[in-house]
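Residue numbering for the sequence shown follows the numbering used here, starting at 1 and increasing by one per position.
We treat Cβ as the ideally placed atom computed from N, Cα and C, and that holds for glycine.
Remember, it's a predicted structure, so these values are computed and weren't measured experimentally.
These notes concern the structure reproduced below.
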Amino acid sequence: MGQTQTKYDAVVVGGGHNGLTAAAYLARAGLSTLVLERREIVGGCCVTEEIAPGCRCSTTSYIASMLRPEVIQDLNLAAHGLRMVPCDPAIQVPFPDGHVVPWWAERARAKEEFARISPKDAETFVRVDDQLKKLARYLQPFFLEPPPEIDIGSMTGWADLFKLGSRFRGISSEEIAQLVAFLTGSLGEFLDHNYESEKIKTLFLANNVYGKHGGPYQPGTAIGLLFHLLSGGEHELQGFYGHVMGGMGSITQALASSGKKLGVEIRTAAPVARIDLRNGRAIGVTLEDGTEVRARVVLSNADPKRTFLGMLNEKDLPSEFVHAIRGIKMDGPCAKVNFVLSEEPRFTGTDKTATPLERTFFTLVPSLEFAERCYDIAKFGDVPEELWVDCVISSNADDSLAPAGKHILTCFVQYVPYRLREGNWDEKRELLGDRVVKKIAEYAPNVPNSIMARQVLTPLDLERTYGLTEGNIFHGDLRLEQLFFMRPVAGWSQYRSPIDGLYLCGAGAHPGGGVTGAPGHNAAHQVLRDWKKGRFKDAAS
Ligand SMILES: Cc1cc2nc3c(=O)[nH]c(=O)nc-3n(C[C@H](O)[C@H](O)[C@H](O)COP(=O)(O)OP(=O)(O)OC[C@H]3O[C@@H](n4cnc5c(N)ncnc54)[C@H](O)[C@@H]3O)c2cc1C
Numbered sequence: 001m002g003q004t005q006t007k008y009d010a011v012v013v014g015g016g017h018n019g020l021t022a023a024a025y026l027a028r029a030g031l032s033t034l035v036l037e038r039r040e041i042v043g044g045c046c047v048t049e050e051i052a053p054g055c056r057c058s059t060t061s062y063i064a065s066m067l068r069p070e071v072i073q074d075l076n077l078a079a080h081g082l083r084m085v086p087c088d089p090a091i092q093v094p095f096p097d098g099h100v101v102p103w104w105a106e107r108a109r110a111k112e113e114f115a116r117i118s119p120k121d122a123e124t125f126v127r128v129d130d131q132l133k134k135l136a137r138y139l140q141p142f143f144l145e146p147p148p149e150i151d152i153g154s155m156t157g158w159a160d161l162f163k164l165g166s167r168f169r170g171i172s173s174e175e176i177a178q179l180v181a182f183l184t185g186s187l188g189e190f191l192d193h194n195y196e197s198e199k200i201k202t203l204f205l206a207n208n209v210y211g212k213h214g215g216p217y218q219p220g221t222a223i224g225l226l227f228h229l230l231s232g233g234e235h236e237l238q239g240f241y242g243h244v245m246g247g248m249g250s251i252t253q254a255l256a257s258s259g260k261k262l263g264v265e266i267r268t269a270a271p272v273a274r275i276d277l278r279n280g281r282a283i284g285v286t287l288e289d290g291t292e293v294r295a296r297v298v299l300s301n302a303d304p305k306r307t308f309l310g311m312l313n314e315k316d317l318p319s320e321f322v323h324a325i326r327g328i329k330m331d332g333p334c335a336k337v338n339f340v341l342s343e344e345p346r347f348t349g350t351d352k353t354a355t356p357l358e359r360t361f362f363t364l365v366p367s368l369e370f371a372e373r374c375y376d377i378a379k380f381g382d383v384p385e386e387l388w389v390d391c392v393i394s395s396n397a398d399d400s401l402a403p404a405g406k407h408i409l410t411c412f413v414q415y416v417p418y419r420l421r422e423g424n425w426d427e428k429r430e431l432l433g434d435r436v437v438k439k440i441a442e443y444a445p446n447v448p449n450s451i452m453a454r455q456v457l458t459p460l461d462l463e464r465t466y467g468l469t470e471g472n473i474f475h476g477d478l479r480l481e482q483l484f485f486m487r488p489v490a491g492w493s494q495y496r497s498p499i500d501g502l503y504l505c506g507a508g509a510h511p512g513g514g515v516t517g518a519p520g521h522n523a524a525h526q527v528l529r530d531w532k533k534g535r536f537k538d539a540a541s
């Protein structure tokens, strides 16, 4: 039999990094705040977990690139144990001919490396890098605020439009054309148009369509070039890529610790069954065990489908809203395979003088054509024989992750289907693991015989274990029609929902997925603005 417990100012459904971020900001403003997480641990898909005795791994997300510097500073995450080391090379691609091409973090060094392959491409790299960084700076301010509501029938709509326009003050018509091209064009066509070397094109491919639906020649894939040049890390570096000491879970542990210090209460193993309403407004939640928790405002860190279709009754929402939420493209196209190894992978062609940190990151994708074919196969529901595998030997960046003599290899697998044409993922899990091992062995032949433990996370496992609907790592694909004022759906991009007192604070809201803390930060600030207006005074008593 359920029981009603203390009433809070705010309850946050889900303790992913965005839920924790939102909770910490709310508590900092003085709101009594409770986080309810369905798993035994907080972190969502930003966690470090033991995959074999004494061996810890960033089981899901594995590189910190866009965590907002403002969040790191506001919540004092360094004092709560967060430490990041830049990935250098930021990315590195070994090719089947034994040539390993690093993309060094320092631009002059990167240019020098590229010039060995194509002096013309090295020059182009600098020109394009300048252009992209400049364009990314126009987008940067939108990251930490609600998108405009495009509604010319209201004063706020006009004010939002005016503000939007003023952000682009000084932009030239040429830059507008470039911006539109990056937002709508295909990565493949952009690279073919600008570069001559297949290797250099592949290097740029390697870090720009992660987790996205669509091969590199699909319109809308060039957007990744801009997203990855938004600043990140403690020091606001454009294009920052970082290894997190202690694994990605150190981010969420630091957020939880900072939140607790500010007064946040966190309960794990507390799955929320439904969001409760009275007279059309949110008054709290009921847990699966029947416990009722009352709050003036409810924030959901779960994805939009899980929140609105899973925790509410459809009849309580406008039918057109339900229709729009159902239409969000999820269908996660990736998987993760984690290993404990008895020896470090030896990638053929690696420079003999490379330091352990320089031997950490290897992306196995030989060409754009390979990637496009891989997507085509996955798109029709099959598991490609030849996979795109991103390998990070995280114990080379942080040897505390495994006992001496053991190594952690974490692999992101791009382009597998959520919906299989034949069979199911429980039957095909080990097939996926075997194909990943086969691919790695082509580049690092010592890996198959050094495997001590293997964890395969299919899109279905991402859904079951981490609560990601359809295994989508971003709570909704990052495509133009699902971004900005159209995220999660048009008309509801400012974190509010058709239910009074219910807000979305996770990656399904603007600006989207990735470990950024931005949706959590923005949602909390929206709640606080509404709080100050007295919107929740009469709520749930
Ligand atoms: C395999 C993989 C690799 C990735 N790699 C990277 C990377 O390298 N770099 C990067 O920046 N991003 C990466 N991402 C994406 C990034 O991790 C996510 O987009 C981001 O962490 C989402 O954060 P969130 O807090 O919004 O949601 P989540 O992390 O999904 O958190 C939502 C939380 O809500 C909880 N929840 C859901 N329903 C309920 C309920 N009913 N009751 C209580 N709790 C509930 C869930 O258990 C979960 O803890 C990756 C993701 C995956 C899965």
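Nonlocal neighbours in the same chain, by C-beta distance under 7 angstroms from Ser258, ignoring five residues either side: Here Ser258 has Ala24, Leu75, Asn76, Leu77, His80 as same chain residues with Cβ atoms under 7 angstroms from its own Cβ, once five neighbours each way along the sequence are excluded.
May I have the straight-line CA-CA distance separating Pro333 from Val416, to the nearest angstrom? A direct Cα-to-Cα measurement between Pro333 and Val416 gives close to 5 angstroms.
Would you call Lys305 buried or exposed, if buried means 16 or more other Cβ atoms sit within 10 Å of its Cβ? Classification for Lys305: buried.
Between which two residues does the alpha helix (DSSP H) harbouring Glu442 extend? Residues 425-443.
If distances are taken between C-alpha atoms only, which option among Asp130, Asn301, Trp103 comes closest to Ala206? The alpha carbon of Ala206 has as its nearest neighbour, out of Asp130, Asn301, Trp103, the alpha carbon of Trp103.
For Thr124 and Tyr62, what's the separation of their Cα atoms in angstroms? The C-alpha of Tyr62 is placed about 30 angstroms away from the C-alpha of Thr124.
Select from Phe484, Pro519, Val126 the residue whose C-alpha is nearest the C-alpha of Asn18. Looking at the Cα atoms, Pro519 is the closest of the given residues.
Beta-carbon contacts of Tyr466 that lie in its chain and below 7 angstroms, excluding the five residues immediately before and after: The answer, listed in chain order, is Gly44, Cys45, Thr60.
What are the residues that DSSP puts in a beta bridge with Leu503? Residue 503 is actually Tyr in this sequence, not Leu. Answer is Leu299, Arg496.
Within a Cβ cutoff of 6 angstroms, which residues of the same chain sit near Gly188, ignoring the five residues on either side of it in sequence? Closer than 6 angstroms at the Cβ level, and outside the excluded window around Gly188, lie Pro216, Tyr217, Leu368.
Under the rule that 16 or more other beta-carbon atoms within 10 Å means buried, what is Met542, buried or exposed? Residue numbering for the chain in the displayed model covers 1 to 541; residue 542 lies beyond these limits and cannot be assessed.
So, at 6 angstroms on beta carbons, what are the nonlocal neighbours of Arg554 in its own chain, with the 5 sequence-adjacent residues on each side left out? Since the first residue shown for the chain is 1 and the last is 541, residue 554 is missing from the structure and cannot be characterised.
Could you tell me whether the Cβ atoms of Ile451 and Phe347 are closer together than 8 angstroms? In this structure, Ile451 keeps its C-beta atom at 8 angstroms or more from the C-beta atom of Phe347.
Quick one: is the Cβ of Pro271 within less than 7 angstroms of any heavy atom of ligand 1? Flag set: Cβ of Pro271 near ligand 1.
Using the C-alpha atoms, what's the distance from Gly16 back to Met248? Approximately 12 angstroms between the Cα atoms of the pair.
DSSP has Glu542 in a bridge; who is on the other side? Lying before the first or after the last residue shown, residue 542 is absent from the chain, which here runs from 1 to 541.
Measure the C-alpha to C-alpha separation of Leu504 and Asp88 and round it to an integer number of angstroms. One C-alpha to the other measures close to 35 angstroms.
To the nearest angstrom, how far is it from the Cα of Leu144 to the Cα of Ser395? Taking the straight line joining both Cα atoms gives about 33 angstroms.
Member of Leu462, Leu460, Pro498, Gly508 whose CA lies at the smallest distance from the CA of Gln482: Nearest neighbour of Gln482 by Cα position, chosen from Leu462, Leu460, Pro498, Gly508, turns out to be Gly508.
Looking at Leu36 and ligand 1, is the gap between the Cβ and the nearest heavy atom below 7 angstroms? At least one heavy atom of ligand 1 is nearer than 7 angstroms to the Cβ of Leu36, so yes.
Sort Glu344, Leu364, Lys336 by Cα distance to Cys411 and report the nearest one. Out of Glu344, Leu364, Lys336, Lys336 has the C-alpha closest to the C-alpha of Cys411.
Between which two residues does the alpha helix (DSSP H) harbouring Pro511 extend? Taken as a continuous stretch (DSSP letters only), Pro511 belongs to no alpha helix (DSSP H), as it is neither H nor E.
Please tell me whether, using a cut-off of 7 angstroms, the distance from the CB of Phe474 to the nearest non-hydrogen atom of ligand 1 is below it. For ligand 1, at least one heavy atom lies less than 7 angstroms from the Cβ of Phe474.
Since Gly423 and Arg454 should fall inside the 8 angstroms C-beta cutoff, what is the C-beta to C-beta distance between them, to a whole number of angstroms? Incorrect: roughly 20 angstroms between the Cβ atoms, too far for contact.
Out of curiosity, what's the CA-to-CA distance linking Pro356 and Ile251? Roughly 23 angstroms between the two C-alpha positions.
Any chance you could list the alpha helix (DSSP H) runs of at least 4 consecutive residues sitting entirely within the region 249-284, in chain order? With a minimum length of 4 residues, the continuous alpha helix (DSSP H) runs that stay inside the region 249-284 are 249-262.
Would you identify the three-state DSSP class for Trp103, choosing helix, strand or coil? Three-state result, Trp103: strand.
By DSSP, does Met1 sit in helix, in strand, or in coil? In this predicted model, Met1 has a pLDDT of only 48, less than 50, meaning its place in the structure is not dependable; the value taken from the coordinates is given anyway. Coil.
What is the DSSP secondary structure of Ala64, reduced to helix, strand or coil? The DSSP-derived three-state label of Ala64 is strand.
Residue environment, Ser186, which counts as buried when at least 16 other CB atoms sit within 10 Å: With 16 or more other Cβ atoms within 10 Å, it is buried.
Pair within 8 angstroms by beta-carbon distance, Gly200 and Phe114: Correcting the residue identity first, residue 200 is Ile in this sequence and not Gly. It is a contact, given that the beta carbons lie within the stated cut-off.
I'd like to check one pair, Tyr375 with Gly214: are the Cβ atoms closer than 8 angstroms? Yes.
Measuring only the C-alpha atoms, how far is Leu139 from Pro511? Roughly 11 angstroms between the two C-alpha positions.
By the DSSP assignment, the beta strand (DSSP E) with Gln218 in it spans what residues? Counting along the chain, Gln218 falls outside any beta strand (DSSP E), and DSSP gives it neither H nor E.
Any idea what DSSP makes of Ala10, helix, strand or coil? Strand.
Whole-angstrom distance between Val264 and Leu317, CA atom to CA atom: Just so you know, the alpha carbons of Leu317 and Val264 end up roughly 30 angstroms apart.
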